[in-house]
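> Below you'll find the structure I mean.
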Amino acid sequence: MSGIHDFIDNEVKTNDVVLFMKGTPQFPQCGFSGQVVQILDYVGVDYKGINVLADGDLRQGIKDYSSWPTIPQLYVKGEFIGGCDIVREMFQAGELQTLLQNNGISVKGAA
Numbered sequence: 001m002s003g004i005h006d007f008i009d010n011e012v013k014t015n016d017v018v019l020f021m022k023g024t025p026q027f028p029q030c031g032f033s034g035q036v037v038q039i040l041d042y043v044g045v046d047y048k049g050i051n052v053l054a055d056g057d058l059r060q061g062i063k064d065y066s067s068w069p070t071i072p073q074l075y076v077k078g079e080f081i082g083g084c085d086i087v088r089e090m091f092q093a094g095e096l097q098t099l100l101q102n103n104g105i106s107v108k109g110a111a
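Each residue of the sequence shown is one higher than the one before, counting from 1 in full-length UniProt numbering.
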């Protein structure tokens with residue numbers, strides 16, 4: 001299991017924005033993952049999508065890594081942000097865009 005933990009830790013720490021999701025950004029395989037992809041695409045942020053359906057150990061490993069029971073999971077600059085509901089609420093309040101900008105990540109329409 002430590003191999004999966006190391007893989008997740010590396011992905012979270014080496015990518016500014018990473019989304020652990022069901023499916024891929026081009027082909028989400030659940031509605032919640034699809035919603036987060038739509039939000040990230042809308043704000044125009046570059047991110048890496050990792051398909052947890054491709055590996056059962058990864059699917060469980062990300063839940064253990066974050067102590068969060070559901071997928072998708074969004075990380076920004078190594079910090080766990082949340083799942084679909086949290087990301088959607090932050091986006092609607094403008095907090096997601098602010099968080100990204102405060103971390104030096106460019107978003108569409110930002111000065």
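Note that the Cβ used here is the ideal one computed from N, Cα and C, for glycine as well.
For the beta strand (DSSP E) that Lys-48 lies in, which residues bound it at each end?
Where Lys-48 is concerned, the enclosing beta strand (DSSP E) stretches over 48-51.
> In terms of alpha-carbon separation, which member of Cys-84, Ser-67 and Lys-13 lies closest to Pro-28?
That would be Cys-84, whose Cα lies nearest to the Cα of Pro-28.
> Taking Met-21 and Val-45 to be in contact with their CB atoms under 8 Å, please state how far apart those CB atoms are, rounded to whole angstroms.
The Cβ separation is near 15 Å, so there is no contact.
> Quick test of your reading: Leu-19 and Leu-40, contact by CB under 8 Å. State the CB separation rounded to the nearest angstrom.
Right, their Cβ atoms sit about 7 Å apart.
> Taking DSSP as the reference, what is the three-state secondary structure of Phe-20?
Strand, per DSSP.
> Return the CA-CA distance between Met-90 and Ile-105, expressed in angstroms with no decimal places.
The alpha-carbon atoms of Met-90 and Ile-105 are separated by roughly 16 Å.
> Quick one: grab the DSSP three-state call for Phe-27.
The answer is coil: DSSP assigns Phe-27 none of H, G, I, E or B.
> Looking at Gly-82: is its Cβ nearer than 7 Å to the Cβ of Lys-13?
No. Outside cutoff.
> Across which residues does DSSP place Gly-82 in a beta bridge pair?
In DSSP, Gly-82 forms a bridge with Leu-74.
> Flag this pair as yes or no: are the beta carbons of Pro-72 and Val-36 separated by less than 7 Å?
Yes.
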